[in-house]
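Chains Z and G, in that order, are what the protein sequence lines are. Numbering-wise, numbering that gives the first Met the number 0 puts 193 at position 194 of the first sequence, and it's gapless, one number per residue. Numbering-wise, numbering that gives the first Met the number 0 puts 31 at position 32 of the second sequence, and it's gapless, one number per residue. Note that beta-carbon positions come from the ideal geometry of N, C-alpha and C, so glycine has one too. Predicted model, so just to flag it, every value in this text is computed and none were measured. Notes to accompany the following structure.
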Amino acid sequence: MEPSTELPRRWDPIVKLTHWGIVAAVIGNALVTEEGSGWHIWVGYGLAALLALRLLWGLVGPREARFGAFPPSLARASRHVGEIGRGEKVRHRSHNPLGALMVYAIWGTLLVVIGSGVAMSGAPPADPSAVRGEHGEGGEGEEHEEASAGPGQWLIAPARADEGGEAGTEDEGEELFEEMHEIAVNLLYLLVALHLAGVAFETRRTGREVLGAMIPGGNRRS
Amino acid sequence: MAASRKTGLMRRDRQTLLVAAVLVIQAVAAMFFVADAIGDLAADGMTRHIAVEAMIAFALMAGVIVGAWHLRVLLAEADRRERALTVARGALADHLSARFRDWGLTTAEAEVALFALKGCDAGEIARLRGAAPGTVRAQLSSIYSKSGVSSQAGLVSLFFDDLL
Chain Z
0 MEPSTELPRR WDPIVKLTHW GIVAAVIGNA LVTEEGSGWH IWVGYGLAAL LALRLLWGLV
60 GPREARFGAF PPSLARASRH VGEIGRGEKV RHRSHNPLGA LMVYAIWGTL LVVIGSGVAM
120 SGAPPADPSA VRGEHGEGGE GEEHEEASAG PGQWLIAPAR ADEGGEAGTE DEGEELFEEM
180 HEIAVNLLYL LVALHLAGVA FETRRTGREV LGAMIPGGNR RS
Chain G
0 MAASRKTGLM RRDRQTLLVA AVLVIQAVAA MFFVADAIGD LAADGMTRHI AVEAMIAFAL
60 MAGVIVGAWH LRVLLAEADR RERALTVARG ALADHLSARF RDWGLTTAEA EVALFALKGC
120 DAGEIARLRG AAPGTVRAQL SSIYSKSGVS SQAGLVSLFF DDLL
């Protein structure tokens, strides 16, 4: 028989580490690294690893972290909106139904960002500081030479295509991925803003427990 | 005592955090290794070198999955122990009232149930509460039916079950 003692809500360390790691990676690639640079690609791969671990955790993790605990359900979400409208406060062990939709939306967007990024960059460069970003790519031929001289680097792809005589289609594909990458990233920023707004709203509505669950050392079990 | 319990909890927190951090690093390393191996495979085709690399990549990924599984067991264990501790500590009273609330006992029934758990029979409870024995017996049978047991011993054993 399960005792009905309620422990304070708190995410497990994997959920916290992957969440804040992804936050750091998104901020890093948005503000710090140069677009298309080796470091940008490295951070992107790191982000992909964190997301992959979180998705694995969704299969084998503790109950609150598993996909089954927060199914993407519009019916549940609209019921939840009803609860908010009536001012009812239901405790959720996992994400609340609206939060669950947001989680899947952000994950899906991240997957598009990662997929299009990998399609453009290929394998991560052996030396990230050797690969310059987009701004260094265009004009100077020397840099191009230098970059494509190293093994397994991202600028090689168009060079190989030249040899095969398919430069046109390859470039088009590249452009398409670039477009996808940019659109998905902008969508990601929008979703992050909505996510923050949602957390702020929920914190005002039901208290600081929502916030404490994700903050390191928050909601201490005393 | 409360202090030592708290440090115990913090130590367990640190332990799981350490395992989790190692798992995260392992996952990141695995991602880079796998991406690199795939890149090499695309560039050079299948060589013995890549076959070994692929094996290492596979082992790393398997390590991540097994590690994640292990961490889940660790967390579940910590959670179970914490719940058990909550029951064993002075929180027993809270626990009782939570269970009484779950069953939907009225205030009077909850008081009677508490006496019953302490081993009082209907007559004694009636005397202590200054009520008629018939009332107490009716309340007891209502308590039994709400909690899904058939006797006072069954009621006691429900809580013993939580503690063991």
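Verify whether the separation of the beta carbon atoms of Z/Gly37 and Z/Pro96 is less than 8 Å.
Not closer than 8 Å, so no.
What are the boundary residues of the alpha helix (DSSP H) that Z/Asp11 is part of?
It is not in any alpha helix (DSSP H) - Z/Asp11 carries neither H nor E in the DSSP assignment.
For the stretch 112–158 of chain G, list the alpha helix (DSSP H) runs that are entirely contained and at least 4 residues long, ordered along the chain.
Counting only runs of 4 or more, we get 121–128, 132–146.
Looking at Z/Leu190 and Z/Ile83, is the spacing between their C-beta atoms short of 8 Å?
In this structure, Z/Leu190 does not lie closer than 8 Å to Z/Ile83 by Cβ.
Starting from the Cα of Z/Leu73, find the closest Cα among Z/Leu100, Z/Ala48, Z/Arg85 and give me that residue.
Of Z/Leu100, Z/Ala48, Z/Arg85, the residue nearest in Cα terms is Z/Leu100.
Should G/Val51 be flagged as near chain Z, meaning a C-beta pair shorter than 8 Å?
By this cut-off, G/Val51 is not an interface position.
Can the beta-carbon of Z/Ala64 be found closer than 8 Å to that of Z/Leu46?
It is not a contact, given that the beta carbons lie outside the stated cut-off.
Is the beta carbon of G/Phe158 less than 8 Å from the beta carbon of G/Leu116?
Result yes, Cβ atoms of G/Phe158 and G/Leu116 sit closer than 8 Å.
Report yes if the C-beta distance between G/Ile142 and G/Leu104 is below 8 Å; otherwise report no.
Yes.
CA-CA distance, Z/Glu208 and Z/Thr202?
C-alpha separation (whole angstroms): 7 Å.
Classify Z/Val74 as helix, strand or coil using the three-state DSSP reduction.
Before going further, note that residue 74 of chain Z is Ala rather than Val in the sequence given. Looking at Z/Ala74 - three-state DSSP - the assignment turns out to be helix.
In its own chain, which residues sit with a C-beta less than 6 Å from the C-beta of Z/Gly163, not counting the 5 before and 5 after it?
For Z/Gly163, the predicted structure reports a pLDDT of 42, less than 50, and the residue's modelled location is therefore unreliable. The matter cannot be settled from this model.
Which value, in whole angstroms, describes the spacing of the CA atoms of Z/Gly135 and G/Ala34?
Low confidence applies here, because Z/Gly135 scores a pLDDT of 42, under 50, leaving its location unreliable; read the following figure in that light. So the alpha carbons of these two residues sit roughly 25 Å apart.
Do G/Ser146 and G/Trp102 come within 8 Å of each other at the CB atom, strictly closer than that value?
It is a contact, given that the beta carbons lie within the stated cut-off.
Pull up the distance between the alpha-carbon of Z/Ser120 and that of G/Asp39, whole angstroms please.
Each residue's Cα considered, the two are about 14 Å apart.
Is there contact here, the stretch 22–31 of chain G with the stretch 50–59 of chain G, by at least three beta-carbon pairs under 8 Å?
The stretch 22–31 of chain G is in contact with the stretch 50–59 of chain G.
How about Z/Leu58 and Z/Thr17: do their beta carbons lie closer than 8 Å?
No; because the gap between Cβ atoms is not below 8 Å, this pair is not in contact.
Answer with buried or exposed for Z/Thr32, where buried requires no fewer than 16 other C-beta atoms within 10 angstroms of its C-beta.
That one is buried.
Tell me whether G/Leu104 sits in a helix, a strand or coil according to DSSP, three-state version.
Reduced to three states, the DSSP call for G/Leu104 is coil.
Once you ignore the five residues that flank Z/Ala183 on each side, which residues in its own chain have a CB closer than 7 Å to its CB?
Excluding sequence neighbours, Z/Ala183 sits near Thr108, Val111, Val112, Ser115.
Mind checking the stretch 43–67 of chain G against chain Z and listing, in chain order, the residues whose C-beta falls within less than 8 Å of any C-beta there?
For the stretch 43–67 of chain G, which is checked against every Cβ of chain Z, the residues closer than 8 Å are Val63, Ile64, Ala67.
Do you know offhand how far Z/Ala122's Cα is from G/Thr85's?
Those two C-alpha atoms are separated by around 50 Å.
Go ahead and pull the three-state DSSP assignment for Z/Ile214.
In this structure, Z/Ile214 counts as coil in the three-state DSSP scheme.
Mind checking which residues open and close the alpha helix (DSSP H) that includes G/Asp78?
It spans 47–87 - the alpha helix (DSSP H) in which G/Asp78 sits, taken as one unbroken run.
Kindly indicate the opening and closing residues of the alpha helix (DSSP H) around Z/Thr108.
Counting along the chain, the alpha helix (DSSP H) containing Z/Thr108 begins and ends at 96–120.
Which residues of the stretch 98–124 of chain Z have a Cβ closer than 9 Å to any Cβ of chain G? Give them in chain order.
Against chain G - using a Cβ distance shorter than 9 Å - the residues of the stretch 98–124 of chain Z are Val117, Gly121, Ala122, Pro123.
DSSP on Z/Ser93, reduced to helix/strand/coil?
Correct three-state label for Z/Ser93: coil.
Could you compute how far the alpha carbon of G/Ala83 sits from the alpha carbon of G/Cys119?
In a straight line, the C-alpha of G/Ala83 is about 27 Å away from that of G/Cys119.
Taking Z/Thr17 as the query, report the chain G residues whose CB atoms sit under 8 Å from its CB, ordered along the chain.
Chain G residues near Z/Thr17: Val23.
How would you call Z/Tyr188, buried or exposed, if buried means at least 16 neighbouring beta carbons within 10 angstroms?
Flag for Z/Tyr188 reads exposed.
Quick one: what does DSSP say Z/Arg62 is sitting in, helix, strand or coil?
Here Z/Arg62 sits in helix by DSSP.
If we define contact as Cβ-Cβ less than 8 Å, is G/Met0 a contact residue for chain Z?
Caution applies to G/Met0, whose pLDDT of 43 falls short of 50 and renders its modelled position unreliable; the model cannot decide the point.
Determine the DSSP secondary structure at Z/Ala243, reduced to helix, strand or coil.
As displayed, chain Z neither begins before 0 nor continues past 221, which places residue 243 of chain Z out of reach and without an answer.
Should Z/Asp170 be flagged as near chain G, meaning a C-beta pair shorter than 8 Å?
By this cut-off, Z/Asp170 is not an interface position.
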